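Contents: one structure, followed by commentary.
Protein chains in written order, with this note's numbering: chain Y, -11 to 594; chain X, -11 to 594.
Structure (structure tokens):
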């Protein structure tokens, strides 16, 4: 069945790009232009480069201390609120976790609800969402608002009326396939990935026609080359062709069919290179003994042609993962000065605790360094181009959950499975040339166990417990990172993991939220805290800023949850529940409560 | 079964007051003193007189425009949030609708959760809560926090630790008996009423010992004199003894046993007169043809001795109710200048649209006047002491739902069943001598139908639709009322019913909330709007003010719901659902969303 469906998809993928070959589409032109207008937030990544930088600068390091709450909005839904609203002209588009309601708020009329979309989804999808009922937000293109529902339905809504223009089902929740990511619109297509790494879902990226919702192509993370949309000779990894059957030969038998490599993170786009970038997640199961080999192309950075889906280059960060270090975190595109020359880089803060800087045109690895000193599972990434292990991590045997065997509890691995950073996106400021990274400072004990695959049932195969990294009780840091050098510039400790997306601004202020619920503003140069405010619930959303009627606003969703907050969000008490997070973050319930609110800030009178 | 249980209760009621006869208790002394400290909010009515007036005056009419949000807290529960937190010293106690969680927030530590109480109640109570899953708040006494849960459990929590000191079940949700009211502590007792007028629940007031939760006495609204705790000779109505069997003779047969008269409003206390005051609600069923007679003592103001429960006086405002004009609204105790002499008055804004001023010592009726000009079901209250209908409303035949017969839809009755005001309490300022009243400007069509009683099943017997009063689209007003003269002094129109409790302050500012979610501040003298802020959700909570570390704060719960917001809260769409409210308030969903948040305001830097 898996094979049949993949073949059908393959046929579509190969045929459609040529058959439909669209002219330069209006949506792309619109978005390329619109993303430059800092008054708006037209895409979930703020810009195609995923910098999460805003050119707005009414709010500065000098005056951010005067910030106050301008208005608020309850989403009407509890549990984890990831992502952020879009703002286009006088309209703000707010999404919610399951059931994935969408509210269009009229900023000219005090946030009045212009329209709402409240889908009726089968709630049986909830138990197959591994880490809370999150949704990372909406995309906009060609007058449509795009939503990827939990049940994998991709729906296009008329941005003016909220009416459904088209909708299409991308996956099957009955097999554990769910939708959590924010779509990305590039040219005439909309891209979505799939969640389900804890259910053995083989990951893919789908490209749908923005005009009518027809599938344009689909590219899998694992399987035969035809499923991957790779060219064995032209697709490269670290400068070399990947060769034929690059994925199949790294799996035992048919295991790739339930091999994970899901694609639920963020998508970036370089219009000049005409490449989209994203990462694939953990290989399934979490028990590494059950899947010998490198398990390609899980844990991989992908660079693809958005028109055809064809991969230009790949880079697998964590071959044969033993710790659930998904590679899905965002790819930030920035032109950096590396050793005196300006390089078109891609910067990626991986769950595995290494910050990677690559040449985004070629996939060349430039820098790979730990962005939390606690990281201990590997000593380093081998940067010796002549080495047979070039580009691979040097794993510390003590922390190998495979080597320690299925009955052995591997103690004190850093970072924990949720990574030194999870999906919460970092920001980059072209003013300071620094990356602002929300991080986890959390370690784990990891005990793999044998597990059998049944479609739609958890396929995890490990019992975890999480705890603060040694030497203290803090579980997070908000750091500034020099990606050219691979160095931490400053680090602000936080009691809990920083599980919100960062925002850098031309005003010299960087914003982030905390799991206790604080919105914080810090100096972009020094990290000095300039402002904080306790919002109604823990923040796992991404901070945005926009301008309306000439005034700059800052906005963030509150609503504790996500993996770190799953204990609170789902009312779990067993410390091993929530894939090990419940015990680690138990103290969070002393600080905040379930919620679902948008808080909008401004400087009064300015 | 009803008879048996009432006899048992009667035995307890007669025996306990004598047997236990307590000395002047510490709780009373504490509370009498504590309510004078305006820094705190020690009872749900702010003071025993239910004035909802605060002597705090850092925030004034001149500076209230500078108000900003200081901090926020998500209650973690959606649906209607009535009532308000208590504030005692450095602790704030926040309650929620079902499941009736209680959170103690440490104001010295940024609202950190010092303890929480999260009862596990059987959710089958939800469908027998007529008008949303509301709870009107907590009481404090003798180091305990008192909570009346939906399932009628009265629980005493240690105010320092949240541990259960005692708990007692007051009623049976299986019969439609539910708890929604805020308890009131007077001396050594805690008082609670019962909800269930739409389920034929015969109302009572229970007095429990604050020390151990034992029932001290229980007084019914209907039935034999021994159940009522009345003295046929000494208990008076409008100056005359009520005589024997005053209730029984106003009912046909045993109908009083399922006769309503529930007691879910607010309780007041005059320590000098040693009287507590409260009102009883609608007679059951809503079909008046099924229950001939005056249906005493439904729709009645009660003055009782808190030690023994014995009634001193009663006054029935709406004999033989035909419109569901419950008499439960709060009794505000104020000494007013009436015709040149200072009178100890009780002022009550009834659902029936009349504002009543009585001598609270004697029950003498001083003033009764419409507080919304739209009121049309009665021309006036007969104030002629020599008249045989003295004190009774002069009902307009056109609007009699009884006279129009069971198959006839009585059109255009004003106010609608939810009254010119419902439970949301008014405030009184001794500075301006004005009452500030949140009102509904809503009318209805009322179609009675025959209904049979089954325990635990709805026993409503009428189909309603509600709509704005003629002549406009506004559904509410916030008014200032002269209770000595029975005149509106000023009136601020509102698009929707004002369903939040008011707060008057020594700063010359009056606060209230709106169903769209605005907290508003108006000038106490003129009603001029001085400030507004859009909170996350519609406000049906009561505004409070407190002082902490020398600074004045204003706080209010958001969370749309209650009767007016039941369509939104419960996701109802049939316009006749929600006892007629759903159609009338349908537009509300264009303005706000489900929520559950506390928003706390202060003037920055002051």
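Think of the CB as a built atom: it goes at the ideal place given N, C-alpha and C, for glycine as much as any other residue. Bear in mind that the values here come from a model prediction, so they are computed numbers and not experimental data.
Outcome for residue i when other beta-carbon atoms lying within 10 angstroms are tallied against a minimum of 16
| i | result |
| --- | --- |
| residue 386(Y) | exposed |
| residue 97(X) | exposed |
| residue 578(Y) | exposed |
| residue 221(Y) | exposed |
| residue 90(Y) | buried |
| residue 292(X) | buried |
| residue 438(Y) | exposed |
| residue 367(Y) | exposed |
| residue 482(Y) | buried |
| residue 24(X) | exposed |
| residue 143(X) | buried |
| residue 340(X) | buried |
| residue 315(Y) | buried |
| residue 186(Y) | buried |
For residue i, the three-state DSSP class (helix, strand or coil)
| i | result |
| --- | --- |
| residue 22(Y) | helix |
| residue 353(X) | strand |
| residue 109(Y) | coil |
| residue 316(X) | coil |
| residue 205(Y) | strand |
| residue 127(X) | strand |
| residue 67(X) | coil |
| residue 586(Y) | strand |
| residue 363(X) | coil |
| residue 451(X) | strand |
| residue 2(X) | With a pLDDT of 39 at residue 2(X), under the threshold of 50, the predicted position of this residue should be treated as unreliable, and no value is reported. |
| residue 240(Y) | coil |
| residue 438(Y) | coil |
| residue 464(X) | strand |
| residue 255(Y) | coil |
| residue 386(X) | helix |
DSSP beta-bridge partners of residue i
| i | result |
| --- | --- |
| residue 337(X) | 343(X) |
| residue 94(Y) | 79(Y) and 100(Y) |
| residue 509(Y) | 499(Y) and 519(Y) |
| residue 358(Y) | 342(Y) |
| residue 534(Y) | 541(Y) |
| residue 86(X) | BP columns for residue 86(X) are empty, so no partner. |
Residue-chain proximity (residue i, chain Y), Cβ-Cβ < 8 Å
| i | result |
| --- | --- |
| residue 175(X) | no |
| residue 278(X) | no |
| residue 523(X) | yes |
| residue 208(X) | no |
| residue 51(X) | no |
Beta carbon proximity, residue i to chain X, threshold 8 Å
| i | result |
| --- | --- |
| residue 480(Y) | no |
| residue 583(Y) | yes |
| residue 101(Y) | yes |
| residue 60(Y) | yes |
| residue 445(Y) | no |
| residue 550(Y) | no |
| residue 546(Y) | yes |
| residue 579(Y) | yes |
| residue 461(Y) | no |
Any non-hydrogen atom of the ligand ZN closer than 7 Å to residue i Cβ
| i | result |
| --- | --- |
| residue 500(Y) | Annotation note on the ligand ZN: not contained in the displayed structure, which lists no ligands. |
Within chain C, the residues that residue i reaches when beta carbons sit closer than 7 Å
| i | result |
| --- | --- |
| residue 502(X) | The structure shown contains no chain C; the protein chains it does contain are Y and X. |
(request) Report yes or no: do the segment 192 to 205 of chain Y and the segment 163 to 183 of chain Y share at least 3 C-beta pairs separated by less than 8 Å? (result) yes
(request) Pair every Cβ in the segment 52 to 67 of chain X with every Cβ in the segment 22 to 33 of chain X, then say whether three or more of these pairs are closer than 8 Å. (result) no
(request) Evaluate the contact criterion for the segment 46 to 56 of chain X versus the segment 460 to 468 of chain X: three or more CB pairs, one atom per stretch, below 8 Å. (result) no
(request) Please confirm if the segment 110 to 117 of chain Y is in contact with the segment 237 to 253 of chain Y, defined as three or more CB-CB distances below 8 Å between the two stretches. (result) no
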